[in-house]
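Encoded as structure tokens, the structure appears first; notes follow it.
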Amino acid sequence: MKNRPLDAYYQCERRELIPFIPRLGTRLIDIGCGEGAFALMLKREMGYTEAWGMELDDKAARIAATRLDRVIQGDVVQTLDELPDGYFDLICMNDLLEHLMWPEEFLVRVRAKLSPNGRIFCSIPNIRQYRLLWNLLQYQDFEYTDSGLLDRTHIRFFTRRTFISLLTRAGYEPVSVVGSSTTNRKSLKFRILNALTLWRSEDMRHVQFYIQAKAA
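Going letter by letter, the sequence shown gives residues 723 to 938 in our numbering.
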């Protein structure tokens with residue numbers, strides 16, 4: 723997860739996610755859609771014919787409404803019931819769940835919005851990323867920032883294991899879990915932390931995880 727200005731979050735296509743997005747069905751929604759660039763890209767390039775969005779920011783939602791078939795503006799927790807049940811073949815939640823007070827409860831409610839063969843797709847930050855842990859252990863540094871892993875608006879933190887556990891409790895079955903990394907395994911910091919954990923730290927290389935799941 724790179725540090726980006728706030729406007730870039732709203733505007734970003736997230737093209738790097740395309741290889742991990744399932745091609746199934748016709749209807750999708752991007753929860754936390756920003757200005758709608760990501761959902762519009764999926765509609766144009768992946769066979770979806772109907773793209774919805776949900777967005778808290780009023781300005782971004784108004785722009786998204788010019789691009790998508792329908793956009794619901796407001797707090798996603800409070801407006802989720804405005805979505806039809808059993809409707810969406812794909813529900814995307816990119817860098818969203820870490821901003822919610824009760825992500826498990828939200829995922830339970832989202833499940834009702836999936837079509838019978840629908841899936842959710844989430845990208846989540848990895849709190850076990852080795853640079854973050856190195857700064858914590860070596861320098862006692864856990865300072866929040868304007869964006870990135872320690873974005874000051876993050877109120878929940880996940881590792882690969884804890885997020886999969888959350889999905890299971892919420893009634894989902896993971897279909898795929900892929901780590902996103904720019905880390906070289908030869909990095910001295912990574913090798914030191916890997917050795918300290920008896921070489922069980924491959925997941926520390928990853929800044930984010932991309933997860934596909936279906937209703938269990």
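Yeah, the Cβ is synthetic: ideal placement off N, Cα and C, and Gly gets one too.
Nearest C-alpha to residue 853 among 863, 784 and 758: 863. Note that the C-beta distance between residue 754 and residue 818 is below 8 Å. According to the DSSP assignment, residue 861 belongs to the alpha helix (DSSP H) that extends over 852-861. Under the criterion of beta carbons closer than 8 Å, residue 811 and residue 764 do not qualify as touching, at roughly 11 Å.
If you check the CB distance, residue 834 and residue 807 come in under 8 Å. In terms of CA proximity to residue 846, 820 leads the group 908, 868, 820 and 796.
If you draw a straight line from the Cα of residue 750 to the Cα of residue 761, it is about 8 Å long. With contacts defined by Cβ atoms closer than 8 Å, residue 876 and residue 903 do not form a contacting pair. In this structure, the straight-line span from the alpha carbon of residue 930 to that of residue 788 is close to 30 Å. If the five residues before and after residue 849 are omitted, its C-beta is found closer than 8 Å to the C-beta atoms of 871, 879, 880 and 881, all from its own chain and listed in chain order. Shown here, residue 772 sits in a strand according to DSSP, grouped into three states. Around the Cβ of residue 895, a 10 Å sphere holds fewer than 16 other Cβ atoms; the residue is exposed. With a cutoff of 8 Å on beta-carbon distance, residue 842 and residue 885 are scored as not near each other. Put simply, of 889, 793 and 741 the residue whose alpha carbon is nearest the alpha carbon of residue 827 is 889. Separation of residue 744 and residue 735 (C-alpha to C-alpha, rounded to the nearest whole angstrom) is 16 Å.
Beta bridge pairing from DSSP links residue 867 with 873. With at least 16 other beta carbons inside 10 angstroms of its own, residue 782 counts as buried. Secondary-structure assignment with DSSP links residue 902 through a beta bridge to 930. Taken atom to atom, the span from the alpha-carbon of residue 784 to that of residue 791 is near 12 Å. Linking residue 767 to residue 775 through their CA atoms gives a straight-line distance of about 17 Å. Between residue 935 and residue 900, the beta carbon gap of about 12 Å keeps them out of contact (Cβ cut-off 8 Å). Within the same chain, 872 and 874 come within 6 Å of residue 866 by CB-CB distance, once the 5 residues on both sides are set aside. The three-state secondary structure of residue 825, taken from DSSP, is helix.
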